[in-house]
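Reviewing the structure listed below.
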Amino acid sequence: MARPDHRRLLRSVLLAFAWILVFHGTALPPAYAQTAADPRVTADAARCLQIDQALAELNTEARSGALPPELYKQRSAVLTEERTRITAAYGARNTPPAQGLLAEYNRLKAAAAAEARARTAAETKAKREAAAAEAKAKRDAAAAEAAEKARVKKEAAEAATAEKARQAELVEDAIFADVSAVADERIARARDAFYRDFSLPAPTPDAVAAQQTAAAEQLRAKHVPPQSSELRPPFDQRVNTLFQTRLPERRNGWFGEVFPSATEIMARVSGDIEQTAALEIAARRLAENTTGVRPYAVQTLIESYQAARRDLKMDFTGVSRLAQDKEFEARVFEKSLPAYAANLRKLAERDRLAAEAEARRKRMNQMSNLLTLLVLVVGLWFPVRLMRRRAFRWDRQALTEAAWEKQMAATPLPKDLWWIEVPGYRYPASLFSGQIYDKEVWTETTVSTTTTVNPGTGSGSYYTPPSTSTTTHVSSTTYHRYWLRTPEGKQTWLKFSDHEVLASVGHKLSSIWSSSNQVLMAYNHATGTFVSPKWWSQAVHTPPYWRTICLTMLLCLAVTGLGVAGIALGTGLTEENLEEHIAFAIRLGWALLIPALFLLMMYAGIVSAVITTRRQNHFRKQVAPRYEAFLRSYDPEIPEVTKD
């Protein structure tokens, strides 16, 4: 039954909507009320639009002063009256006819505005195109004119450049000719100096050389004025460059001129061995001095040396030693190159002296090595010697040994326990006993603060600023103080840290002390507890560190001095080599003493640790059990006391 009710309700809704469309269609918006505009309404809307446009034109003319005010009022009144008459025919403003007229008016106005905009855009586009075409034509004309001017200018510049290059080439040829002439004059003077260096007469006479120099100065004056302030004029730079370029090749040729021929060399020595060695020396020296491109004459001369040596048919291995002898080489070139031969003899003498000095230095180095070994052996032997010397004592006692034994005779300590002997050390021991009549315990706290400043790291956006960190370390120590009455009736106290010795009031304590007032062992007679921590006796058994270093360094200084003196005497000390020996002694002293200072500090620390460990082990295994046995059997007699 519910389904028919729904159909009836839907039918009623659709019927009501249809009636609304039929009778109230004029109340809908213009787009829904009318599907096509009325021609009369369109004409009236167009006329109203024309009137509004005419009124706007009248207003513009009136504002500009082109239209008198009276005429403006008359025309505007006529137009306004006509527009009022048109709109009055459509009724009130909110009626459907008036709304239809307004809608048509707005449509025509929008169409007219769109048409005007399109027309304006077209006109603007046409103007822009015309202006662009006109500008392009002007640019093309200007570009053509500029291209023509550039072409003409380029042709003129190319012609001027070609003429200038031709003139510069002519000038450059003339300048190069002058540069070449000046450079050749310098090469000629260098050739004369080359001959004089070998003690040979100069190939150019002095008069001719003076004329060549004067001519070169005149050529230079053409390009470098005398009043010129330039340090390196361009002309002189070109002359130097050309001179340096030509000199090596010319110098190679000069060597070929001064070196003797193969026949001359063979005539100056006798025997196949000497001749072969002389030819080998000449070929080698000429090849060494003529590097780079060799002239044909020089290469031919070298080949002649080699051919003559091959003709002798001697094995070079048999004459190699003679070919290295500078005295023999000086004899070969003595006539052809006298200055070179004299220089060779000086070199031979210098090599002989250098060989003697090298042999002397080798002997010094050997003795220096032996001295270093001796210092090391002494450094190793000295601590061992101290360990084996049982009567050695590091500290001096206020009493003599006899006085000490006389004083110890009145104590209950047996005679064999009066002295404590460890490797390399012997010191007296004393006994202290007492009964505890009071005690106190307290704790001391130590607070130490360490502040660390960390510098900034990084840079830019990754920079970490500096920071400060503080570390606090807290340590506490518990101390026990025991008040004792000695067998003699005296009152005293002993102080121990942490749990080294634990005792109560009424207990008897006995302890063994060293001559430096350092407790070594303690015994509680009431509890039977014997204590002897290693740190009690470590300070006593540790040898003095700096005294060991001083004694060792004194010994090293003495050995070093004796070694240096022995080296000087063993290698032949003379007035000529006195300065050399003094310099070597200074270097050797610093080389030995400065490293020895650091090495001995480390070595003394190691030796001190070894000696201390050995003494501690001996004390713990051999000495402490004997004293423990005595203390366990000993019962001190303490007079009865009360707490004060």
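Residue 60 in numbering that gives the first Met the number 0 sits at position 61 of the sequence shown, with consecutive numbering throughout. Backbone N, C-alpha and C define an ideal beta-carbon position, used for all residues, glycine too.
(message) Within 10 Å of its beta-carbon, does Leu501 have 16 or more other beta-carbons around it, so buried, or fewer, so exposed?
(response) To locate residue 501, count along the sequence shown from 1; it is residue 502. By the 10 Å Cβ count, Leu501 comes out exposed.
(request) On a CA-only basis, which of Ala208, Lys221, Arg74 and Glu122 is nearest Ile174? Give me that one, please. (result) The sequence position of residue 174 within the sequence shown is 175, counting from 1. Closest by alpha carbon: Lys221.
(message) Taking 6 Å as the limit between beta carbons, can you name the residues of its chain near Val539, skipping five residues before and five after?
(response) Position 540 of the sequence shown, counted from the first residue, corresponds to residue 539. Only Ser513 and Gln517 meet the Cβ criterion.
(request) Could you say if the region 189-209 and the region 148-161 meet the contact criterion of at least three C-beta pairs nearer than 8 Å? (result) no
(request) Can you have a look at Ile581 and say buried or exposed, based on whether 16 or more other CB atoms are within 10 angstroms of its CB? (result) Within the sequence shown, numbered from 1, the residue matching residue 581 stands at position 582. By the 10 Å Cβ count, Ile581 comes out exposed.
(request) Would you mind working out which of Val440, Thr456, Met520 and Glu147 sits nearest Tyr478, comparing C-alpha positions? (result) As a first step, residue 478 is located in the sequence shown; it is residue number 479 there, counting from the start. Nearest option by C-alpha distance: Val440.
(request) From the DSSP output, in three-state form, read off Ala198 for me. (result) Against the sequence shown, residue 198 aligns to sequence position 199. A quick correction: the sequence has Ser, not Ala, at residue 198. Looking at Ser198 - three-state DSSP - the assignment turns out to be coil, as it is neither helix nor strand.
(message) For Lys325, count the other beta carbons within 10 Å of its own beta carbon; 16 or more makes it buried, fewer makes it exposed. Which is it?
(response) Here residue 325 corresponds to residue number 326 of the sequence shown, with the count starting at 1. Lys325 should be labelled buried.
(message) Just to confirm, is the Cβ distance from Arg245 to Val331 under 8 Å?
(response) Here residue 245 refers to the residue found at position 246 of the sequence shown. Here residue 331 refers to the residue found at position 332 of the sequence shown. Not a contact, by the Cβ cut-off of 8 Å.
(message) With a threshold of 8 Å, are at least 3 pairs of Cβ atoms found where one atom belongs to the region 272-280 and the other to the region 299-317?
(response) yes
(message) Suppose the cutoff is 6 Å on Cβ atoms and the five residues either side in sequence are ignored; what does the same chain contact list for Phe258 look like?
(response) On the sequence shown, position 259 is the one that residue 258 refers to. Correct list, in chain order: Leu285.
(request) Return the CA-CA distance between Leu336 and Phe327, expressed in angstroms with no decimal places. (result) The residue you call residue 336 lines up with position 337 of the sequence shown. The residue you call residue 327 lines up with position 328 of the sequence shown. Looking at the two C-alpha atoms, the distance is approximately 14 Å.
(message) Taking 8 Å as the threshold (C-beta atoms), are Ala44 and Glu81 in contact?
(response) Looking up residue 81 in the sequence shown gives position 82. Looking up residue 44 in the sequence shown gives position 45. No, Cβ-Cβ distance for Glu81 and Ala44 is not below 8 Å.
(message) Three or more C-beta pairs under 8 Å: does that hold for the region 114-123 against the region 47-62?
(response) no
(request) Go ahead and label Lys334 buried or exposed: buried means 16 or more other beta carbons lie within 10 angstroms of its beta carbon, across all protein chains shown. (result) Taking the sequence shown and counting its residues from 1, one reaches residue 334 at position 335. Answer is exposed; the Cβ neighbour count stays below 16.
(message) Quick check on Asn239: does DSSP put it in helix, strand or coil?
(response) In the sequence shown, the residue the question calls residue 239 occupies position 240. The answer is helix: DSSP assigns Asn239 an H, G or I state.
(message) Between the alpha carbons of Leu100 and Tyr89, how many angstroms are there, rounded?
(response) What you label residue 100 is simply residue 101 of the sequence shown in a count that begins at 1. What you label residue 89 is simply residue 90 of the sequence shown in a count that begins at 1. Going by the C-alpha atoms only, they are around 8 Å apart.
(request) With a cut-off of 8 Å on the beta carbons, I'd call Asp437 and Trp482 a contact; round off their distance for me. (result) By one-based count along the sequence shown, residue 437 stands at place 438. By one-based count along the sequence shown, residue 482 stands at place 483. The Cβ separation is near 4 Å, so the contact holds.
(request) Take Pro532 and list the residues in its own chain whose beta-carbon comes closer than 7 Å to its own, dropping the five residues that flank it on each side. (result) Translated into the one-based positions of the sequence shown, residue 532 becomes position 533. Same-chain partners within the cutoff: Glu499.
(message) Just to confirm my understanding: we take Phe197, look at its own chain, exclude 5 residues before and 5 after, and list those with CB closer than 8 Å. What are they?
(response) Residue 197 sits at position 198 when you count from the first residue of the sequence shown. Result list for Phe197: Val257, Leu336, Pro337, Ala338 and Tyr339, in chain order.
(request) Identify whether Ile435 lies in helix, strand or coil by the three-state DSSP scheme. (result) In the sequence shown, residue 435 corresponds to position 436, counting from 1. Strand, per DSSP.
(request) Can you tell me which of the three DSSP states Arg484 falls into? (result) As a first step, residue 484 must be located in the sequence shown, where it is residue number 485. The answer is strand: DSSP assigns Arg484 an E or B state.
(request) Kindly list the residues whose CB is nearer than 8 Å to the CB of Glu218, restricted to its own chain and excluding five residues on each side of it in sequence; keep chain order. (result) As a working note, residue 218 is residue 219 in the sequence shown. For the record, residue 218 in the displayed sequence is Leu; it is not Glu. If we look at Leu218 and ignore the five residues flanking it on each side, its Cβ neighbours are Asp177, Ala180 and Val181.
(message) Going by C-alpha to C-alpha distance, which of Trp545, Ala132 and Arg92 sits closest to Ser607?
(response) Working through the sequence shown from its first residue, we reach residue 607 at position 608. Taking only the C-alpha atoms, the option nearest Ser607 is Trp545.
(request) Measure the C-alpha to C-alpha separation of Trp393 and Ser536 and round it to an integer number of angstroms. (result) As a position in the sequence shown, residue 393 is number 394, starting the count at 1. As a position in the sequence shown, residue 536 is number 537, starting the count at 1. Because Trp393 sits at a pLDDT of 40, beneath the cut-off of 50, its placement in the model cannot be relied upon, and the following sentence gives the value as read from the coordinates. Cα-Cα distance, rounded: 15 Å.
(request) Quickly, what does DSSP pair Ala521 with across the bridge? List them, please. (result) Position 522 of the sequence shown, counting from 1, holds the residue named residue 521. Its beta-bridge partners are Ser510 and Val530.
(request) Could you pull the start and end residues of the beta strand (DSSP E) that Ile645 belongs to? (result) The chain is shown only over 0 to 643; residue 645 falls outside these bounds and no answer can be derived.
(request) Would you list the one or two residues that DSSP bridges to Pro427? (result) The residue labelled residue 427 in the question sits at position 428 within the sequence shown. DSSP lists Trp418 as the bridge partner or partners of Pro427.
(request) Please report how far the alpha carbon of Thr476 lies from the alpha carbon of Gly527, in whole angstroms. (result) Looking up residue 476 in the sequence shown gives position 477. Looking up residue 527 in the sequence shown gives position 528. Taking the straight line from one Cα to the other gives about 25 Å.
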